[in-house]
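Undergrad: Attaching a single structure in structure tokens format; questions to follow.
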Amino acid sequence: MNNIRNFCIIAHIDHGKSTLADRFLEITNTVDKRKMKDQVLDRMDLERERGITIKLQPVRMHYQGYQMNLIDTPGHVDFTYEVSRSLAAVEAAVLLVDASQGVEAQTVANLYLALEQNLTIIPVINKIDLPAARPEKVKKELVSLLGCGEEEIIEVSAKTGKNVESVLQAIINNTPSPEGIASDKAQALIFDSEFDEYKGVVAYVRMVSGLVKADDKIKFLATGAESEVLEVGFFNPDYQKLDKLSAGEIGYMVTGLKNLEEVRVGDTISSVKDQAKPLLGYKEVKPMVFAGIFCQEGDEYHELREAIEKLKLNDASLFYEPENSPALGIGFRCGFLGLLHLEIFQERLKREYNLDLVITTPSVAYKINKKDGQEIIIHSPQELPEQNLIVSVEEPFVRIDVVTPKEYIGAIMKLIQERKGEYLNIEYLEENRAILHYDIPLASVLVDFYDNLKSVSSGYASLNYEFLEYRPADVVRMDILVAEEPVEALSTIVYQQEAHQAGKRIIRALKETLPKQMFVVKLQAAVGGAVVAGDRLSAVRKDVTAKLYGGDVTRKRKLLEKQKKGKKKMMKAGKVNIPQEAFMAVLKR
């Protein structure tokens, strides 16, 4: 065990984690030269196309007689949960910073996650081969952030491979070897899992103590499921079979289970006959953003359910429950950590399971305190009780950290204040770079905040956010009436003072997409019975006077009066069928 080193790489998006991992794999000859390609550890097509890491990916390397287990982690704020799980399975973290960009919001957030786990931090500055690199400046930022000496910081270029070996050397010298005893009772922490068509559920584990080999009877302590191990091994980065996994190692277990519910990330695997205590596991993750996921064809519901179950296994932060919508049929209300998370999930369902989906507007969860003392959490406007039953409504707040060059501070503060942000303080990393700290409603950050932040800061600002608490909010449910009939699927939750603008926006979208009827259609947005915005969709007119020729003008007037009466009558009794496109125009963000 003294020769095992478990570590991961953490950094902001695009600071070169996956490229550094590629160089490690080359130097340690883990991957054949002919199989080598950029971002070897990004196994999903989506990751390669977008150039981002979405899933954590473990790999084992051998170097100078040491067994080195690396976990490559994502950098985007929506996948922070993947990072926190990786950190719980290792003893050290390589903190990577881009020499041209310096310390960014996600660098700081991931560093705090690593320090919470008491990990050894190995500071590395990457991309020193770039013309815009300013390693001396970035060193100062790292020193003020970590409190380390300048001589501890390693400068590398992951692209050219310059000085990368000294990082491996630093990992060997500075990382403590794992604690644990191979002869103890078996304890393995599940930090990820996936579903294999042939093998069933495969659990990615960190052995904390004891050992596990094929044919052992194992028990999952949280779910109580029991099974027999079919195979154990390590990642190379593909599955590589072994005789046994022992304390301190990172590897996989083919559990033989077909029921996806029985394997949970954060659970402890132990032996059936000699059961150990459960490990601490992970904090339950709280989804931030909720959206309805429906099939375009109603008969694909079962395929959608199976697909979501399999993705849930591979994505522990996903939440889902069945939902029935009068407009869109049967589907699921799913919870995500952010909009990118939702987008990736939607894309994976489309590609991996060939499903055509309808996604409703993302919304946040509200906490409702009712007059009868009940406290409920709602995920959609339809669940909001009547106004007279509610004492108060609370919405989720997040704490945001924005790292920006000094000259954009004014524009960024203005943007955040417009979005109801509450100022906390500013910290300076160095004389020209600052971190702004604000509390802001999650609903304000949701849709286009990130894009606006990038445009007011010319692309230089970076953002990180974490859930804070629920705070009182002045929100109401806005109903949409078409031909004086409320359409439930179009209801939304809006701030009281913004109801008029939001109503106008929805009415405009409906007016543009609804087909004209034989009668005038009233379109209204109402809050608690009071109409806050409205418009009319004019009627299709048939030319009733076409068959007339010459004669008295009163004949023409008589026909037009008759048509007018008919349209009035239809307006009272007429029903409007709302087509799918109109729902999409309003529900789509």
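FYI, this note's numbering numbers position 37 of the sequence shown as 37, with every residue one higher than the one before it.
Beta carbons: idealized from backbone N, C-alpha and C, even for Gly.
The structure displayed is predicted, hence computed values, not measured ones.
1. Indicate the three-state DSSP secondary structure (helix, strand or coil) for LEU95 in the structure shown.
2. Return the first residue and the last residue of the beta strand (DSSP E) that VAL591 is part of.
3. Cα separation between GLY180 and ALA247?
4. Determine whether the beta carbon atoms of VAL138 and GLY102 lie at a separation below 7 angstroms.
5. I need the straight-line Cα distance from ARG536 to ALA483, nearest angstrom please.
6. Quick one, which of CYS148, THR120 and SER100 has its alpha-carbon nearest ASN597's?
7. Work out the CA separation of ALA88 and ARG589 for me, nearest whole Å.
8. Pull up the DSSP beta-bridge partners for ILE154, would you.
9. Could you compute how far the alpha carbon of ILE52 sits from the alpha carbon of LEU510?
10. What do you reckon, are the CB atoms on VAL293 and PHE332 nearer than 7 angstroms?
11. State the DSSP-derived secondary structure class of THR223, mapped to helix, strand or coil.
12. DSSP three-state label for ALA11, please.
13. Do three or more CB pairs link the stretch 366-384 to the stretch 398-405 at distances below 8 angstroms?
14. So, do the stretch 486-497 and the stretch 378-393 have three or more beta carbon pairs nearer to each other than 8 angstroms?
15. By alpha-carbon positions, which one of ALA411, PHE24, ASN2 and MET1 ends up nearest to CYS8?
16. The beta strand (DSSP E) that contains LYS370, what's its start and end?
17. What did DSSP end up calling HIS62 once you bin it into helix, strand or coil?
18. In whole angstroms, give me the CA-to-CA distance for LYS312 and ALA502.
19. Helix, strand or coil for GLN496, going by three-state DSSP, please let me know.
20. Counting Cβ pairs closer than 8 angstroms, one from the stretch 409-419 and one from the stretch 336-344, do we hit at least three?
21. Is it right to say VAL263 is buried, meaning 16 or more other beta carbons lie within 10 angstroms of its own, or is it exposed?
22. The beta strand (DSSP E) with GLU323 in it runs from where to where?
23. Please classify TYR549: does DSSP put it in a helix, a strand, or coil?
24. Thinking just about the alpha-carbon of each residue, which of VAL521, ALA473, SER144 and LEU349 is nearest to the one in ASN577?
25. So, using beta-carbon positions, are VAL201 and ALA188 closer together than 7 angstroms?
26. Once the 5 residues before and after THR28 are set aside, which same chain residues still bring their CB inside 8 angstroms of it?
27. Compute the Euclidean distance between the alpha carbons of ASP315 and GLN346, then round it to the nearest angstrom.
28. Bridge partners of PRO486, per DSSP?
29. What are the boundary residues of the beta strand (DSSP E) that LYS522 is part of?
30. Under 7 angstroms, do PHE397 and LEU468 count as touching if we go by C-beta distance?
31. Please work out which residues of its chain come closer than 8 angstroms, Cβ to Cβ, to MET253, disregarding the five sequence neighbours upstream and downstream, and give them in chain order.
32. Under a Cβ-count criterion, where at least 16 other Cβ atoms within 10 Å of its own Cβ denotes burial, should TYR607 be classed as buried or exposed?
33. Note down the Cα distance separating SER84 from GLN117, rounded to an integer number of angstroms.
34. Tell me whether SER444 is buried or exposed, calling it buried when 16 or more other Cβ atoms sit within 10 Å of its Cβ.
35. Please return the same chain residues whose Cβ sits closer than 7 angstroms to the Cβ of MET571, not counting the five positions on each side in sequence.
36. Measure how close the beta-carbons of THR545 and LEU560 come, nearest whole angstrom, since I'm counting them as under 8 angstroms.
TA: Reading from the atomic positions:
1. For the purposes of this step, residue 95 is taken as residue 95 along the sequence shown, with counting starting at 1. Looking at LEU95 - three-state DSSP - the assignment turns out to be strand.
2. Nothing can be reported for residue 591, as the shown portion of the chain is limited to 1 through 589.
3. One-based indexing of the sequence shown puts residue 180 at position 180. One-based indexing of the sequence shown puts residue 247 at position 247. GLY180 and ALA247: Cα-Cα distance of roughly 6 angstroms.
4. Here residue 138 refers to the residue found at position 138 of the sequence shown. Here residue 102 refers to the residue found at position 102 of the sequence shown. Going by C-beta atoms, VAL138 is nearer than 7 angstroms to GLY102.
5. Taking the first residue of the sequence shown as 1, we reach residue 536 at position 536. Taking the first residue of the sequence shown as 1, we reach residue 483 at position 483. Cα to Cα, the separation comes out at about 9 angstroms.
6. Given that the chain is displayed from residue 1 to residue 589, the structure contains no residue 597 and the question cannot be resolved.
7. As a working note, residue 589 is residue 589 in the sequence shown. As a working note, residue 88 is residue 88 in the sequence shown. Residue placement at ARG589 is flagged as unreliable, the pLDDT there being 42, under the threshold of 50; a coordinate-derived value is accordingly withheld.
8. Position 154 of the sequence shown, counted from the start, is the residue given in the question as residue 154. Looking at the DSSP assignment, ILE154 forms a beta bridge with VAL124.
9. As a working mapping, residue 52 is identified with position 52 in the sequence shown. As a working mapping, residue 510 is identified with position 510 in the sequence shown. When rounded, the distance between both Cα atoms is 37 angstroms.
10. Within the sequence shown, numbered from 1, the residue matching residue 293 stands at position 293. Within the sequence shown, numbered from 1, the residue matching residue 332 stands at position 332. According to the sequence provided, residue 293 is Ile. The question's Val does not apply to it. Yes, the pair counts as a contact, with Cβ atoms nearer than the cut-off.
11. Start at 1 with the first residue of the sequence shown, and residue 223 comes out as number 223. Here THR223 sits in coil by DSSP.
12. Translated into the one-based positions of the sequence shown, residue 11 becomes position 11. Three-state result, ALA11: strand.
13. They do not touch, by the three-pair rule.
14. The answer is yes - the stretch 378-393 touches the stretch 486-497, with three or more Cβ pairs under 8 angstroms.
15. Taking the sequence shown and counting its residues from 1, one reaches residue 8 at position 8. Cα-wise, what sits closest to CYS8 is PHE24.
16. Position 370 of the sequence shown, counted from the start, is the residue given in the question as residue 370. LYS370 -> beta strand (DSSP E) spans 366-370.
17. For the purposes of this step, residue 62 is identified with residue 62 of the sequence shown, where counting begins at 1. In the structure shown, HIS62 sits in a strand (DSSP, three-state: E or B).
18. Here residue 312 is taken as the residue at index 312 of the sequence shown, counted from 1. Here residue 502 is taken as the residue at index 502 of the sequence shown, counted from 1. Going from the Cα of LYS312 to the Cα of ALA502 covers about 34 angstroms.
19. Position 496 of the sequence shown, counted from the first residue, corresponds to residue 496. Helix, per DSSP.
20. No: fewer than three Cβ pairs fall under 8 angstroms.
21. For the purposes of this step, residue 263 is taken as residue 263 along the sequence shown, with counting starting at 1. By the 10 Å Cβ count, VAL263 comes out buried.
22. If you number the sequence shown from 1, residue 323 lands on position 323. Taken as a continuous stretch (DSSP letters only), the beta strand (DSSP E) holding GLU323 covers 319-325.
23. As a first step, residue 549 is located in the sequence shown; it is residue number 549 there, counting from the start. Judged by DSSP in its simplified three-state form, TYR549 adopts coil rather than helix or strand.
24. Here residue 577 refers to the residue found at position 577 when the sequence shown is read from its first residue. For the residues VAL521, ALA473, SER144 and LEU349, the minimum Cα distance to ASN577 belongs to VAL521.
25. Residue mapping note: residue 201 aligns to position 201 of the sequence shown, counting from 1. Residue mapping note: residue 188 aligns to position 188 of the sequence shown, counting from 1. No, Cβ-Cβ distance for VAL201 and ALA188 is not below 7 angstroms.
26. Counting from 1 along the sequence shown, the entry for residue 28 is found at position 28. MET61, HIS62, TYR63, MET68 and LEU168.
27. Taking the sequence shown and counting its residues from 1, one reaches residue 315 at position 315. Taking the sequence shown and counting its residues from 1, one reaches residue 346 at position 346. Cα to Cα, the separation comes out at about 13 angstroms.
28. Translated into positions along the sequence shown, residue 486 becomes position 486. LEU481.
29. Here residue 522 is taken as the residue at index 522 of the sequence shown, counted from 1. Start and end: 521-527.
30. The sequence position of residue 397 within the sequence shown is 397, counting from 1. The sequence position of residue 468 within the sequence shown is 468, counting from 1. Yes.
31. Here residue 253 corresponds to residue number 253 of the sequence shown, with the count starting at 1. So the qualifying residues of the chain are ALA188, VAL202, ALA203, VAL205, VAL212, ILE218, VAL229, GLU231, VAL232, LEU245 and ILE269.
32. Here the chain covers residues 1 to 589 and nothing more, so residue 607 does not appear.
33. Counted from its first residue, the sequence shown places residue 84 at position 84. Counted from its first residue, the sequence shown places residue 117 at position 117. Cα to Cα, SER84 sits roughly 9 angstroms from GLN117.
34. Against the sequence shown, residue 444 aligns to sequence position 444. It counts as buried.
35. Position 571 of the sequence shown, counting from 1, holds the residue named residue 571. Cβ within range, chain order: PHE519 and VAL520.
36. For this step, residue 545 is matched to residue 545 along the sequence shown. For this step, residue 560 is matched to residue 560 along the sequence shown. With a Cβ gap of about 7 angstroms, THR545 and LEU560 count as contacting.
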